[in-house]
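J.: Structure incoming, see below.
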Amino acid sequence: MGNVFGVPLTQCVETERALRRHGGSRASLASLSTLEKGDDSESCDSGEWGWSGLEEGGGGPKVPAIVSACLAHLRRHALHTVGLFRVSSSKKRVRQLREEWERGQETALDAAVSPHDVAALLKEFLRDLPDPLLCKDLYPAFLQTQKIRNRHLQWETLRLIVQLLPAAHRDTLGALLAFLAQLAGNA
Numbered sequence: 676m677g678n679v680f681g682v683p684l685t686q687c688v689e690t691e692r693a694l695r696r697h698g699g700s701r702a703s704l705a706s707l708s709t710l711e712k713g714d715d716s717e718s719c720d721s722g723e724w725g726w727s728g729l730e731e732g733g734g735g736p737k738v739p740a741i742v743s744a745c746l747a748h749l750r751r752h753a754l755h756t757v758g759l760f761r762v763s764s765s766k767k768r769v770r771q772l773r774e775e776w777e778r779g780q781e782t783a784l785d786a787a788v789s790p791h792d793v794a795a796l797l798k799e800f801l802r803d804l805p806d807p808l809l810c811k812d813l814y815p816a817f818l819q820t821q822k823i824r825n826r827h828l829q830w831e832t833l834r835l836i837v838q839l840l841p842a843a844h845r846d847t848l849g850a851l852l853a854f855l856a857q858l859a860g861n862a
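In this note's numbering, the protein residues as written are 676 to 862.
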C-alpha cells in the first residue's frame, strides 16, 4: 500500500493521526485497513475548505510526517547549503528514502543524509500530490491577487484565500513558507 506519495494531504494526515491514536508506528501503517481510500471529503472541492480542524478541537497543525521530518532535517543541516533546491541529488538515495517512507519503515534523516537528497524527496512528495498544495480550484484566485495594486488589500485577499484551503494544505503551506523564510534569512 502506498502510504505517503500520491495520497491526498488530508488523507495522509488523518491516517497518521489515527495511527497515533491507536499507538502504532509508521511501520504499521499498512495494517490500518479502516482508513483505506474512502470518500473524497479531503479534496479541495469538498466544500469544507479550511475548517475541518476547527470543529474537531484542532489537535495541532495538520502537516504530514514526511514534510515535518524533511523540514526538520533541512533546518538542522541545510540552512547554509548553497543551491538546496537547485543542485541535483542522488537519484538512487532519493529512491531509497522514498521506498522506506512508502513501506512505513522508520527513516533516519540524520546528518549522514545529504540535504540535497532530502530536499529532492520533499519536492517529489509535493509534486506527486493528487491535488496541488494551493488546490486547483483556488489557484486562479491566487493568481488574480496579483492584479490588486493596493498591497494591504492584496495581502488581506491572500490571507482570506489561504483560509479557504483545506486545513492540511494550509498548515503544510505555512510550514513550508516558514522554512523558506528561515532559509532566505540565512542566505
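Cβ atoms here follow ideal geometry from the backbone N, Cα and C, with glycine treated the same way.
Can you tell me whether P736 is helix, strand or coil according to DSSP?
T.: Reduced to three states, the DSSP call for P736 is coil.
J.: For K766, which residues from the same chain have a beta carbon less than 7 Å from its beta carbon, with the 5 sequence-adjacent residues on both sides left out?
T.: Around K766: no qualifying Cβ.
J.: Assign N678 to one of two classes, buried (16 or more other C-beta atoms within 10 Å of its C-beta) or exposed (fewer than that).
T.: Buried.
J.: Indicate whether F680 and E777 have their beta-carbon atoms separated by less than 9 Å.
T.: Cβ atoms of F680 and E777: closer than 9 Å.
J.: Rounded to the nearest angstrom, what separates L684 and D803 at their Cα positions?
T.: Their backbone Cα atoms lie some 10 Å apart in a straight line.
J.: Give me the residue from L784, D785, S789 and R845 with the minimum Cα distance to L759.
T.: When each option's Cα is compared against that of L759, the closest is S789.
J.: Residue range of the alpha helix (DSSP H) that Q865 falls in?
T.: The shown model of the chain, from 676 to 862, leaves out residue 865, and the question about it has no answer.
J.: If you follow the alpha helix (DSSP H) that H791 is in, where does it begin and where does it stop?
T.: Its alpha helix (DSSP H) spans residues P790 to R802.
J.: For the putative contact between Q829 and I823, defined by C-beta atoms under 8 Å, what is the C-beta separation to the nearest angstrom?
T.: Correct: roughly 4 Å between the Cβ atoms.
J.: Under DSSP, the alpha helix (DSSP H) around F854 begins and ends at which residues?
T.: Looking at the DSSP string, the run of the alpha helix (DSSP H) that includes F854 is A842 to G860.
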